[in-house]
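Residue numbers (mature numbering (1 follows the signal peptide of the UniProt record, and there is no 0)): -17 to -1, 1 to 439. Glycine residues also receive a C-beta, built at the ideal position from the N, C-alpha and C atoms.
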């Protein structure tokens, strides 16, 4: 079956599937139900355990998947469903998001219509099971979507990344049955989520939290503030980490769910940033915010474990974002230097020195993608992926900075002005070395794990 035929069938299905929020399956959810398609033939249902790629199967409740008997294939190989999703998200990003990128960047605001269409496409519930209104797809599918969005706009990409890899994952993994029933349908269809860990004095030292939680007769009361919170302006749902028992240090950290309309909750300063300007980053205050006991996420005192696990997964998402950004900046530049920009009567892209830079940059992008996909595949297989995630994020953010910077130079003056996306890609790339664990933190993690392996 040719991919072009498959894609045409899937696109037609998606067009039929898109509905207003809370009205059944939409967008990429159709991919999860489409294994094969031929003209004039209905989709065949995709089994719940459909292989997301040729080397690993989708894990549901298993702690570990035995893949020893599965022959290895290229880690960047995509299943038919994943390949179709890649093409579908790419088309959506170029047709719907691209025309609004500059406007959103200048306004420093995410267009609500874009957010609504992300939900309609199913991109906000990639891993949420279909029973809750999600697409019920695998982790790598989410990574593919994040990468494709970043090729057009890293701001939109990070909104989807945080919502899927941090917020949705937390509820799926540790939410009670009641919390899942209550919130997953909303998170899949119309409610943006936010992840509240960082504070003014706890960035890289993530567990030096000053935000406190105390028990009440009916639940908990939260007091404190959070800083650098992504999606804060768009979100109505917040996962908040606070220390319930400071005497226990980080082992007192507990995760809670707070809704935006809760008394005492307020969004304060919105940061003015160098890059990813359309992505909201704000200070959030909790002035004796009272929540019911049902809003406890998981177990008391286990918040630090949840945060570590979520950030390890989230780092693969950021690595995918940076890889997509690097590829987007590279593609934009080479189209210009190989088709339009001439110097000394010759296309700039035909000079050998330029071609070497172009080839080197693409090689680095391919290497970054291999690290990203390898980390995602290992996560799906239930293997230890902590070092892989750290290496992927570290390297992908480095590549994004290098390639987007070179792309500006290749384009000359046209890369420096705001008429095109080149300078924006470079500005957006700088955050990759900072959020969800700085590059130095990734190096610390890698070195610590290597030392453990090589120390007797």
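For the pair residue 373 and residue 438, the CB atoms are not nearer than the 8 Å cut-off. Boundaries of the beta strand (DSSP E) harbouring residue 207: 202 to 213, taken from the DSSP string. Just so you know, the alpha carbons of residue 142 and residue 327 end up roughly 44 Å apart.
Around the CB of residue 201, fewer than 16 other CB atoms lie within 10 Å, so the residue is classed as exposed. Taking one beta carbon from each stretch, the region 307 to 319 and the region 210 to 217 have fewer than 3 pairs nearer than 8 Å; the two do not touch. Here residue 182 carries a strand assignment [DSSP, helix/strand/coil]. Nearest to residue 289 by alpha-carbon distance, out of 135, 88, 62, 152, is 152. In the DSSP assignment, residue 315 falls within the unbroken alpha helix (DSSP H) covering 286 to 320. Close CB contacts of residue 346 within its chain, under the 6 Å cut and outside five residues either way in sequence, are absent. In this structure, the straight-line span from the alpha carbon of residue 57 to that of residue 298 is close to 22 Å. Put simply, the backbone Cα of residue 166 is about 24 Å away from that of residue 419.
Here residue 423 carries a helix assignment [DSSP, helix/strand/coil]. A straight-line Cα-Cα distance of about 21 Å links residue 140 and residue 155. Contact check between the region 269 to 289 and the region 238 to 249: three or more CB pairs, one atom from each, fall below 8 Å, which counts as touching.
Excluding residues up to 5 positions away in sequence, 128, 143 lie with their Cβ nearer than 6 Å to the Cβ of residue 106 in the same chain. Put simply, the backbone Cα of residue 59 is about 20 Å away from that of residue 148. Shown here, residue 118 sits in coil according to DSSP, grouped into three states, outside any helix or strand.
Spanning the alpha carbons of residue 378 and residue 370 requires a straight line of approximately 12 Å.
C-alpha of residue 344 to C-alpha of residue 415: approximately 17 Å in a straight line. With a beta-carbon spacing of about 15 Å, residue 192 and residue 283 fall beyond the 8 Å limit used to define contacts. A residue is called buried once 16 or more other Cβ atoms fall within 10 Å of its Cβ, and residue 392, having fewer, is exposed. A straight-line Cα-Cα distance of about 10 Å links residue 224 and residue 280.
In this model, residue 237 and residue 80 are separated by some 37 Å (Cα to Cα). Here the alpha carbons of residue 303 and residue 109 stand approximately 15 Å from one another.
Between residue 332 and the set 349, 308, 389, the nearest pair of CA atoms involves 389. Beta-bridge pairing by DSSP links residue 268 to 208, 249.
Between residue 312 and residue 405, the C-beta gap is smaller than 8 Å, which places the two residues in contact.
Spanning the alpha carbons of residue 55 and residue 358 requires a straight line of approximately 15 Å. Nearest in C-alpha terms to residue 194, of all of 174, 157, 266, 150, is 266. Taken atom to atom, the span from the alpha-carbon of residue 293 to that of residue 176 is near 14 Å. Contact annotation: residue 174 and residue 136 have beta-carbon atoms that are not nearer than 8 Å. The continuous stretches of alpha helix (DSSP H) do not include residue 197, which lies in the beta strand (DSSP E) extending over residues 195 to 198. Residue 134 and residue 229 have their C-alpha atoms spaced approximately 43 Å apart.
Excluding sequence positions up to five before and after residue 68, its CB lies within less than 8 Å of the CB of 11, 14, 120, 124, 127, 128, all in the same chain and listed in chain order. Counting C-beta atoms within 10 angstroms of its own C-beta, residue 401 has fewer than 16 neighbours from the protein chains shown and is therefore classed as exposed.
It is roughly 33 Å from the alpha-carbon of residue 146 to the alpha-carbon of residue 435.
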